[in-house]
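Chemist: Pasting a structure below so you can have a look.
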Amino acid sequence: MIGSAKIYFLVYGALTIGGGLVGYLKAGSTISLISGGITGALLIVAAFLLPSQFLAGIVLALVVSLLLAGRFVPNFFASGKVMPAGIMSLLSVIGIVVAVATWLKR
């Protein structure tokens, strides 16, 4: 289960960084670039921590996923826009589920 979680958080982190970059390029949003870069990097760090420092990695992944869900889920329900709110909401909720399931199965 740890291997699957590591892969998910690597992909989730890369997509988050990519989303921040797209937000910057399309809308000139510096905050998208910075926040996407920071949260994406934290998810990637969490993925690399999982095998050797499980608790630190899984807590970091869970906290970042919760923060991103808190930002994007309400926005998705308010706007109904699939990009970026819908995609990030889905990735965040899956991140929460993966983190909790991995924690419980360990």
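Each number in the numbering used here comes from the position in the sequence shown (counting from 1) with 39 added on.
Glycine is no exception: its CB is placed at the ideal position from the N, C-alpha and C atoms.
1) Does the segment 40-50 come close enough to the segment 77-89 to have 3 or more Cβ pairs within less than 8 Å?
2) Out of P113, L94 and M127, state which residue places its alpha-carbon closest to the alpha-carbon of G58.
3) May I have the straight-line CA-CA distance separating V136 from F116, to the nearest angstrom?
4) Please report the Cβ distance between G52 and L72, rounded to the nearest whole angstrom; I am assuming they are in contact, meaning their Cβ atoms lie under 8 Å.
5) Using three-state DSSP, classify M40 as helix, strand or coil.
6) Tell me whether S68 sits in a helix, a strand or coil according to DSSP, three-state version.
Modeler: On the basis of the data shown:
1) yes
2) M127
3) 20 Å
4) Rounded, the Cβ-Cβ distance is 15 Å, inconsistent with contact.
5) coil
6) coil
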